[in-house]
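Before any comments, here is the structure.
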Amino acid sequence: MSDTQQGSDWWQASDGKWYPPESRPQSQASANAATQPLAAGGARRVGKTRNPWGVWLLTLVTFGIYGLYWYYKVNDEVRSYDPTIEVEPVLSLLAMFVPIVNLVSVFRTGGRIQQAQIAAGAAERCSGGLGLLFGILGGFQTVYYQSQLNKVWDRHGNPPENTAV
Numbered sequence: 082m083s084d085t086q087q088g089s090d091w092w093q094a095s096d097g098k099w100y101p102p103e104s105r106p107q108s109q110a111s112a113n114a115a116t117q118p119l120a121a122g123g124a125r126r127v128g129k130t131r132n133p134w135g136v137w138l139l140t141l142v143t144f145g146i147y148g149l150y151w152y153y154k155v156n157d158e159v160r161s162y163d164p165t166i167e168v169e170p171v172l173s174l175l176a177m178f179v180p181i182v183n184l185v186s187v188f189r190t191g192g193r194i195q196q197a198q199i200a201a202g203a204a205e206r207c208s209g210g211l212g213l214l215f216g217i218l219g220g221f222q223t224v225y226y227q228s229q230l231n232k233v234w235d236r237h238g239n240p241p242e243n244t245a246v
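Mapping to this note's numbering: the sequence shown position 25 is 106, numbers consecutive.
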């Protein structure tokens, strides 16, 4: 955000401030999402299609250990899929051990999955707020987030994990 335009692709909001292109509202950003170039790094890499209820059940029977592994992997997969998604999977994982920060991390992970959906051209959008609510109501954010992420991989025909698309 700036009081002056920093580049030709910056946009001005109703508050008179200038914003970078990556913060453009979704209604404007989604129209161009499928045609946006990839960041330096090349091809998108798909993540693993998982059974959402299997993720939840494994988290339950391992007393949360699998859930932590899954949380790291999901954040790593969205970063590998779209290099413009800014996330440090290790920091996201560590945030799960800090009260209040863990809630913010769960919410923001939903936003990152939504960014991946936009990049894939998927019609449905993941909600960080809904993910947070499901998490508070019994750890069901894993079911919701994995089902939303599977829709991204579905757009590419569910190839094997780490396949370039």
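Glycine is no exception: its CB is placed at the ideal position from the N, C-alpha and C atoms.
Buried versus exposed call for residue i [16 or more other C-beta atoms within 10 Å across all chains shown]
i       : result
Trp-151 : buried
Gln-87  : exposed
Phe-144 : exposed
Glu-169 : exposed
Lys-146 : First, the residue type needs correcting, since residue 146 is Ile and not Lys in the sequence shown. Ile-146 is exposed by the Cβ-count criterion.
Gly-128 : buried
Gly-238 : exposed
Gly-135 : exposed
Short Cβ contact (9 Å threshold) for residue i with residue j
i       : j       : result
Ser-186 : Ala-197 : no
Arg-126 : Ala-245 : yes
Tyr-226 : Ile-199 : no
Ala-201 : Val-233 : yes
Leu-230 : Glu-158 : yes
Residues sharing a beta bridge with residue i, DSSP
i       : result
Ala-245 : Arg-126
Separation of residue j from residue i, as counted between CA atoms
i       : j       : result
Gly-212 : Pro-102 : 26 Å
Tyr-133 : Val-182 : What sits at residue 133 in the sequence shown is Pro, not Tyr. Between Pro-133 and Val-182, the C-alpha separation is close to 24 Å.
Asp-163 : Leu-214 : 26 Å
Ala-189 : Gly-209 : Checking the displayed sequence, the identity of residue 189 turns out to be Arg instead of Ala. In a straight line, the C-alpha of Arg-189 is about 6 Å away from that of Gly-209.
Cys-207 : Gly-192 : 7 Å
Phe-178 : Leu-141 : 17 Å
Gly-220 : Trp-137 : 8 Å
Per-residue DSSP class, three states only, for residue i
i       : result
Glu-296 : One cannot answer for residue 296 here, as it falls past the ends of the chain, which runs 82 to 246.
Phe-221 : coil
Lys-232 : helix
Pro-133 : helix
Lys-154 : helix
Phe-144 : coil
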